[in-house]
Amino acid sequence: MQDKDREHTEKLFTSTRRAAGGSRDVDASDPIIGEEALGRAGAEPSDAFGSPVGPLTGVGMIATEAALQPPSLSSPTRRRVQESVIGAVLFLATGVSVLTTLGIIGVLLYEASSFFRHVALGEFLFGTRWAPLLVPQSFGVLPLLAGSFLVAVGAAIVALPIGLASAIYLSEYAPARVRGILKPVLEVLAGVPTVVYGFFALTFITPILQRFWPDTQVFNAMSASIVVGIMIIPVVASLSEDAMNAVPRALREGAYALGATKLEVSLRTVLPAALSGVVASFILAMSRAIGETMIVAIAAGATPNLTANPMESVQTMTAYIVQVSMGELSFGSVEYQTIFAVGLTLFVITLVMNVLSIFILRRFREVYE
Amino acid sequence: MISPQQRRERFSPRQKQRGRAAMALQALFLAATLVGVVSLAVLFVDILITGVGHISWDFINSFPSRFAERAGIKSGLSGSLWLLGLTAAFSFPLGIATAIWLEEYAPRGWAMRTIQANIANLAAVPSIVYGILGLAVFVRWFNLGQSVLAGAMTLTLLILPVIIISSQEAIRSVPSSIRLASYALGATRWQTVSRQVLPMALPGIMTGTILALSRAIGETAPLIIVGALAYMPFTPSGPLDEFTALPIQIFNWVSRPQPEFHVLAAAGILVLMAVLMTFNLFAIMLRNRFSKRL
Amino acid sequence: MPPTTAPVVETRDLYVYYGKSAAVKSVSITIETNRVVAFIGPSGCGKSTLLRCINRMNDLVPGARIEGEVLFQGLNLYGHGVDPIEVRRRIGMVFQKPNPFPKSIFENVAFGARINGYKGDLGELVEKSLRQAALWDEVKDRLNVGALSLSGGQQQRLCIARALAIEPEVLLMDEPTSALDPIATQKIEELIYNLKQDYTIVIVTHNMQQAARVSDQTAFLYMGDLVEFGQTDQIFTNPREERTESYITGRFG
Numbered sequence: 000m001q002d003k004d005r006e007h008t009e010k011l012f013t014s015t016r017r018a019a020g021g022s023r024d025v026d027a028s029d030p031i032i033g034e035e036a037l038g039r040a041g042a043e044p045s046d047a048f049g050s051p052v053g054p055l056t057g058v059g060m061i062a063t064e065a066a067l068q069p070p071s072l073s074s075p076t077r078r079r080v081q082e083s084v085i086g087a088v089l090f091l092a093t094g095v096s097v098l099t100t101l102g103i104i105g106v107l108l109y110e111a112s113s114f115f116r117h118v119a120l121g122e123f124l125f126g127t128r129w130a131p132l133l134v135p136q137s138f139g140v141l142p143l144l145a146g147s148f149l150v151a152v153g154a155a156i157v158a159l160p161i162g163l164a165s166a167i168y169l170s171e172y173a174p175a176r177v178r179g180i181l182k183p184v185l186e187v188l189a190g191v192p193t194v195v196y197g198f199f200a201l202t203f204i205t206p207i208l209q210r211f212w213p214d215t216q217v218f219n220a221m222s223a224s225i226v227v228g229i230m231i232i233p234v235v236a237s238l239s240e241d242a243m244n245a246v247p248r249a250l251r252e253g254a255y256a257l258g259a260t261k262l263e264v265s266l267r268t269v270l271p272a273a274l275s276g277v278v279a280s281f282i283l284a285m286s287r288a289i290g291e292t293m294i295v296a297i298a299a300g301a302t303p304n305l306t307a308n309p310m311e312s313v314q315t316m317t318a319y320i321v322q323v324s325m326g327e328l329s330f331g332s333v334e335y336q337t338i339f340a341v342g343l344t345l346f347v348i349t350l351v352m353n354v355l356s357i358f359i360l361r362r363f364r365e366v367y368e
Numbered sequence: 000m001i002s003p004q005q006r007r008e009r010f011s012p013r014q015k016q017r018g019r020a021a022m023a024l025q026a027l028f029l030a031a032t033l034v035g036v037v038s039l040a041v042l043f044v045d046i047l048i049t050g051v052g053h054i055s056w057d058f059i060n061s062f063p064s065r066f067a068e069r070a071g072i073k074s075g076l077s078g079s080l081w082l083l084g085l086t087a088a089f090s091f092p093l094g095i096a097t098a099i100w101l102e103e104y105a106p107r108g109w110a111m112r113t114i115q116a117n118i119a120n121l122a123a124v125p126s127i128v129y130g131i132l133g134l135a136v137f138v139r140w141f142n143l144g145q146s147v148l149a150g151a152m153t154l155t156l157l158i159l160p161v162i163i164i165s166s167q168e169a170i171r172s173v174p175s176s177i178r179l180a181s182y183a184l185g186a187t188r189w190q191t192v193s194r195q196v197l198p199m200a201l202p203g204i205m206t207g208t209i210l211a212l213s214r215a216i217g218e219t220a221p222l223i224i225v226g227a228l229a230y231m232p233f234t235p236s237g238p239l240d241e242f243t244a245l246p247i248q249i250f251n252w253v254s255r256p257q258p259e260f261h262v263l264a265a266a267g268i269l270v271l272m273a274v275l276m277t278f279n280l281f282a283i284m285l286r287n288r289f290s291k292r293l
Numbered sequence: 000m001p002p003t004t005a006p007v008v009e010t011r012d013l014y015v016y017y018g019k020s021a022a023v024k025s026v027s028i029t030i031e032t033n034r035v036v037a038f039i040g041p042s043g044c045g046k047s048t049l050l051r052c053i054n055r056m057n058d059l060v061p062g063a064r065i066e067g068e069v070l071f072q073g074l075n076l077y078g079h080g081v082d083p084i085e086v087r088r089r090i091g092m093v094f095q096k097p098n099p100f101p102k103s104i105f106e107n108v109a110f111g112a113r114i115n116g117y118k119g120d121l122g123e124l125v126e127k128s129l130r131q132a133a134l135w136d137e138v139k140d141r142l143n144v145g146a147l148s149l150s151g152g153q154q155q156r157l158c159i160a161r162a163l164a165i166e167p168e169v170l171l172m173d174e175p176t177s178a179l180d181p182i183a184t185q186k187i188e189e190l191i192y193n194l195k196q197d198y199t200i201v202i203v204t205h206n207m208q209q210a211a212r213v214s215d216q217t218a219f220l221y222m223g224d225l226v227e228f229g230q231t232d233q234i235f236t237n238p239r240e241e242r243t244e245s246y247i248t249g250r251f252g
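Protein chains in written order, with numbering that gives the first Met the number 0: chain L, 0 to 368; chain V, 0 to 293; chain D, 0 to 252.
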């Protein structure tokens, strides 16, 4: 391809695109090109990128440097605008996630602040009777907190040892095939809807408990604890296993070479190295347990009860919110606002635990090299 | 150099006991792992036994009623389908767009990292809090009332972080050499993203979205807060109608003391699980089919 | 000595910084039309960085910054109002590891044309580009087959065809044969010799013999400095600088 032809083609292509794009800033310094381009936008005959097939082709002149125009390398306006618009749209979409957080915080604070104009903060945080829907009203949140923690601690007793043991087994002992089957099964545990777990707790676990401990009430914290525990086993198992897998082979091999048994390698070498991940998984699991709603709403009860006895009926923060929402809500009333006050408490507690979990994970992560 | 005799005195490896203890504990660990598996099995069998007898076309096609024999999940099923459609329509584009912005457009800096951390945090917020948010913003402030639209928007916000995170992973898995090749040919950022990156990341994105949606179908708490009805003898005909959903229906039946309603609940659960399994299988099929192609 | 032709790419006192450290320091070089110029030097000397300045691919590296000028046909590529997209339309690049798109052979070659609004016959363009890359005969009856099913050498020629399809004026090649076997390497070196008639080629190579075989002029870079630039036979038989001679004779590298 002759230099001159290429030069011409190039400019024609650029100019044609610009003209097609509607922008009129065609290369004014070269009027021949300009007119041609405007004529060519969409017209025939042209080949390739708009190179003229016709009179101009035969010209084969050797262009001198002076006659060569510097190539124009600025972007067509249409494309520039298009790219900016797309970028802006994508950014706005991202904004939704930011707005969500702001929304949660804003909504909770706004309504809770209204609440705290009616009810003193001290009474809320330290009061031992929660009865916003009864007369006389009482707004001490401790029974709800106690209920949530009772269930969560019970769930932890179930899930932490079992989850950790599962993680150790899957990470250190299980042959690949077994792992390939068991791991997805554990993931299924995490995917079962909580209302199904609630059903299981009420109709299966509770009767069993009642057979062994006849004093067990129909709604009780233990039943919910056990099932919440089962539900969060995958949280502990998965994160702990990731942490243990991240321990390099070299560390294990070093221990084996000193004559350690598999158990000793697992418990004394791998586990301590993965400890930050394991602890983080514990905290995250408890956070999940505190935030759990349906299992406790179905199986744990609806009577706020400041107790440490898991056989009794309790009400958690989450179950209370459900209870109130199902009733008649007059917007703006104190009862309505209790949703937000309790919700704020729940949010703060789980937020602190989540952040703590990530902090522990990052801060105390073993550096291996 | 110490003699073998001295070595035996200095170290007492107790190899046999250690070996036995190790094996015992290994069995214990296996047992622990099986606890989860066994619980799942027991759960399924229990529900299956309780509920399977009640599954019938009548059950699926009837509305709830005070009389257990006549009650069905029609309104719950249709409500769930409505929610599914609307939630998918909102969350899919928002999720992908956010993931694209974070991975391809955002300048690396504190702003992007904060947004990223925020999304990870949102993924761990209890679902009931999203319900509270939906109540205040969609039901009241946007004045949508206790409608299926408000429910869908609430669910969208709930599963959005999960979709974003899994989509980001899918996009990140596209090798950077492809992007470089595209840019070197004079492609713009959007051309590169839309014609090279997204097509390659799409299977992963779809799998993640489908799994997130299947989670949304099983959600109960946020919908209760937003005002899903417990008793609804008709199906929604528009997005501003009141609604109910499968899990809500199940919850309602479980909460009744009469054992006949527990049977209904079990049957409802079986339908719900069937829907979920279909979704998950679809997602897995999708993933397998596409990873074979590449 | 061959007559000089018009310069097509020029750098003037070019500095490239990644963060605080300078990868390229005060490089001024002139590349003439229809020449093959090789950049050689030990690892980390800045030759790839310098190459990437020419088509503004360094823009994609966060923290990269340049001072000085890079001129293309007299116009400063880093000047105000210049769009890197347009630059890359005119200056193509082939990478070290072949990176075809996971699409068909046809779609790979056609991609550049499609995104740039090509109005002609894509089939003809694809054939012409594949012929120029000496790949047409091998793939002409399976254009719809996936590009990843080709061998490494074929994939690289496909990448060359892909770059040629948008009819650039300059072709930049960043160690194009370092991932290939000797036979594939030879095919590509022949290709470069043939392409020289229509394009200007700048090739980065860590293989000195390749530079000697393929290029008209060679630039030797060391730790970001342009140590010497001249006709290839002169560089390799009679280098002016001591450092050049040490590198050529293998005293370091």
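All C-beta atoms, glycine included, are put in the ideal place defined by N, C-alpha and C.
(request) Could you list the residues in the region 256-271 of chain V with a C-beta less than 8 Å from some C-beta on chain L, going in chain order? (result) Answer set for the region 256-271 of chain V: H261, A264, A265, I268 and L271.
(message) Can you confirm whether V:M205, when its beta carbon is compared against all beta carbons of chain D, has any partner nearer than 8 Å?
(response) Taking the second sequence and counting its residues from 1, the one referred to as residue 205 of chain V is at position 206. False, the Cβ-Cβ gap to chain D never drops below 8 Å.
(request) Under 8 Å by Cβ, that's how I've got V:G75 and V:L212 pegged, so tell me the actual separation to the nearest angstrom. (result) Start at 1 with the first residue of the second sequence, and residue 75 of chain V comes out as number 76. Start at 1 with the first residue of the second sequence, and residue 212 of chain V comes out as number 213. V:G75 to V:L212, Cβ: 17 Å. No contact.
(request) Kindly list the residues whose CB is nearer than 7 Å to the CB of V:S126, restricted to its own chain and excluding five residues on each side of it in sequence; keep chain order. (result) Mapped onto the second sequence, residue 126 of chain V falls at position 127. For V:S126, where only same-chain residues beyond five positions count, the Cβ hits under 7 Å are L157, E218, A220 and P221.
(message) Determine, for L:V351, whether the minimum Cβ-Cβ distance to residues of chain V falls below 8 Å.
(response) Within the first sequence, numbered from 1, the residue matching residue 351 of chain L stands at position 352. No, no contact with chain V.
(message) Helix, strand or coil for L:G146? Go by DSSP, reduced to three states.
(response) Taking the first sequence and counting its residues from 1, one reaches residue 146 of chain L at position 147. Here L:G146 sits in helix by DSSP.
(request) Verify whether the separation of the beta carbon atoms of L:V106 and V:I131 is less than 8 Å. (result) If you number the first sequence from 1, residue 106 of chain L lands on position 107. If you number the second sequence from 1, residue 131 of chain V lands on position 132. Yes. Within cutoff.
(request) Can you grab the Cα-Cα spacing for the pair V:M22 / D:A22, in whole Å? (result) Start at 1 with the first residue of the second sequence, and residue 22 of chain V comes out as number 23. Start at 1 with the first residue of the third sequence, and residue 22 of chain D comes out as number 23. Taking the straight line joining both Cα atoms gives about 59 Å.
(message) Distance cutoff 8 Å, beta carbons only. Does L:L108 sit that close to anything in chain D?
(response) Residue 108 of chain L sits at position 109 when you count from the first residue of the first sequence. Output row for L:L108: interface = no.
(message) Tell me which residues share the same chain as L:G20 and place their Cβ nearer than 8 Å to its Cβ, disregarding the 5 neighbours each side in the sequence.
(response) Counted from its first residue, the first sequence places residue 20 of chain L at position 21. Note that L:G20 scores a pLDDT of 34, beneath 50, so its modelled location is shaky and nothing firm can be said.
(request) Express the C-alpha separation of D:N115 and D:A37 in angstroms, rounding to a whole number. (result) Translated into the one-based positions of the third sequence, residue 37 of chain D becomes position 38. Translated into the one-based positions of the third sequence, residue 115 of chain D becomes position 116. Approximately 29 Å between the Cα atoms of the pair.
(request) Closer than 7 Å by C-beta to L:G53: which residues in its own chain qualify, once you throw out the five before and the five after it? Chain order, please. (result) Residue numbering aside, residue 53 of chain L sits at position 54 when the first sequence is read from its first letter. Residue confidence for L:G53 is low, a pLDDT of 33 falling below 50, so the modelled location carries little weight; the figure read from the coordinates is stated next. If we look at L:G53 and ignore the five residues flanking it on each side, it has no Cβ neighbours.
(request) With 8 Å as the limit, tell me which residues of the region 73-88 of chain D have their beta carbon closer than that to any beta carbon of chain L; keep them in chain order. (result) Under the 8 Å Cβ criterion, the region 73-88 of chain D contributes G73, L74, L76, G80, V81, D82, I84, E85 and V86.
(request) Would you give the residue range spanned by the beta strand (DSSP E) that L:T344 belongs to? (result) Taking the first sequence and counting its residues from 1, the one referred to as residue 344 of chain L is at position 345. Premise fails: L:T344 lies in the alpha helix (DSSP H), V333 to R362, not in any beta strand (DSSP E).
(message) Between the alpha carbons of D:L194 and D:R113, how many angstroms are there, rounded?
(response) Looking up residue 194 of chain D in the third sequence gives position 195. Looking up residue 113 of chain D in the third sequence gives position 114. Each residue's alpha carbon lies about 23 Å from the other.
(request) Find the residues of chain D that neighbour V:Q195, judging by a C-beta separation of less than 7 Å, and give them in chain order. (result) As a working note, residue 195 of chain V is residue 196 in the second sequence. Per Cβ cutoff of 7 Å: F100.
(request) Alpha carbon to alpha carbon, how far is V:V34 from L:L345? Give it in angstroms, no decimals. (result) Here residue 345 of chain L corresponds to residue number 346 of the first sequence, with the count starting at 1. Here residue 34 of chain V corresponds to residue number 35 of the second sequence, with the count starting at 1. Taking the straight line joining both Cα atoms gives about 30 Å.
(request) Give the C-beta separation of L:I229 and L:L188 to the nearest angstrom, bearing in mind that I take them to be a contact with Cβ-Cβ under 8 Å. (result) Position 230 of the first sequence holds residue 229 of chain L. Position 189 of the first sequence holds residue 188 of chain L. The pair is a contact, with the Cβ atoms about 7 Å apart (cut-off 8 Å).
(message) Just to confirm before moving on: does the CB-CB distance between L:T315 and L:V295 stay below 8 Å?
(response) Against the first sequence, residue 315 of chain L aligns to sequence position 316. Against the first sequence, residue 295 of chain L aligns to sequence position 296. Closer than 8 Å, so yes.
(message) Tell me the residue span of the beta strand (DSSP E) that contains D:A22.
(response) Your numbering for residue 22 of chain D matches position 23 in the third sequence. It spans S20 to E31 - the beta strand (DSSP E) in which D:A22 sits, taken as one unbroken run.
(request) Could you pull the start and end residues of the alpha helix (DSSP H) that L:M285 belongs to? (result) The residue you call residue 285 of chain L lines up with position 286 of the first sequence. Its alpha helix (DSSP H) spans residues L274 to G290.
(request) For the alpha helix (DSSP H) containing D:R88, list its first residue and its last residue. (result) Locating residue 88 of chain D in the third sequence gives position 89, where the first residue counts as 1. Secondary structure note for D:R88: its alpha helix (DSSP H) is the uninterrupted segment P83 to R89.
(message) Less than 8 Å between the beta carbons of D:Q216 and D:F228, yes or no?
(response) If you number the third sequence from 1, residue 216 of chain D lands on position 217. If you number the third sequence from 1, residue 228 of chain D lands on position 229. Yes, Cβ-Cβ distance for D:Q216 and D:F228 is below 8 Å.
(request) Kindly indicate the opening and closing residues of the alpha helix (DSSP H) around D:Y192. (result) Residue mapping note: residue 192 of chain D aligns to position 193 of the third sequence, counting from 1. Note, D:Y192: alpha helix (DSSP H), P181 to L194.
(request) Pull up the distance between the alpha-carbon of L:I357 and that of D:I84, whole angstroms please. (result) Locating residue 357 of chain L in the first sequence gives position 358, counting from the first residue. Locating residue 84 of chain D in the third sequence gives position 85, counting from the first residue. If I take the Cα positions, the gap works out to 41 Å.
(request) Spell out whether any CB of chain D is found under 8 Å from the CB atom of L:S83. (result) Reading the first sequence from its first residue, position 84 is the one you call residue 83 of chain L. It does not: the Cβ of L:S83 has no partner Cβ on chain D nearer than 8 Å.
(request) Kindly list, in the order they appear in chain V, the residues whose Cβ is closer than 8 Å to that of D:G91. (result) Against the third sequence, residue 91 of chain D aligns to sequence position 92. Those are A183 and L184, listed as they occur along chain V.
(request) Could you pull out every residue in the same chain whose Cβ sits closer than 8 Å to the Cβ of D:V93, ignoring the five residues on either side in sequence? (result) In the third sequence, residue 93 of chain D corresponds to position 94, counting from 1. Cβ within range, chain order: Q155, C158, I159, A162, L170, L171, M172, D173 and P175.
(request) Kindly list, in the order they appear in chain V, the residues whose Cβ is closer than 8 Å to that of D:A162. (result) Within the third sequence, the letter at position 163 stands for residue 162 of chain D. Going along chain V in sequence order, the residues near D:A162 (Cβ under 8 Å) are A183 and L184.
(request) Please state whether DSSP places D:D215 in a helix, a strand or coil. (result) For the purposes of this step, residue 215 of chain D is taken as residue 216 along the third sequence, with counting starting at 1. Reduced to three states, the DSSP call for D:D215 is coil.
(message) Please list, in chain order, the chain V residues whose beta carbon lies closer than 7 Å to that of L:T268.
(response) Here residue 268 of chain L refers to the residue found at position 269 when the first sequence is read from its first residue. The premise fails here: L:T268 is roughly 14 Å from chain V at the closest Cβ pair, so nothing lies under 7 Å.
(request) Report yes if the CB atom of V:A183 is closer than 8 Å to the CB atom of D:M207, and no otherwise. (result) Residue 183 of chain V sits at position 184 when you count from the first residue of the second sequence. Residue 207 of chain D sits at position 208 when you count from the first residue of the third sequence. Not a contact, by the Cβ cut-off of 8 Å.
(request) Please check if any C-beta of chain L sits within less than 8 Å of the C-beta of V:Q25. (result) To locate residue 25 of chain V, count along the second sequence from 1; it is residue 26. Using a Cβ-Cβ cut-off of 8 Å, V:Q25 counts as an interface residue toward chain L, since at least one Cβ of chain L sits closer than that to its own.
(message) Check whether chain L comes within 8 Å of V:L76, counting only Cβ atoms and requiring the distance to be less than that.
(response) Taking the second sequence and counting its residues from 1, one reaches residue 76 of chain V at position 77. Taking Cβ atoms only, chain L never reaches closer than 8 Å to V:L76, which makes this a no.
(request) Give the residues of chain V in contact with D:P175, contact being defined as C-beta atoms less than 7 Å apart. (result) Looking up residue 175 of chain D in the third sequence gives position 176. Under the 7 Å cutoff, chain V gives no residues; its nearest Cβ is about 13 Å from D:P175.
(message) Is it the case that the region 249-263 of chain V contacts the region 192-205 of chain L, given that we only count it when at least three CB pairs across the two stretches are under 8 Å?
(response) yes
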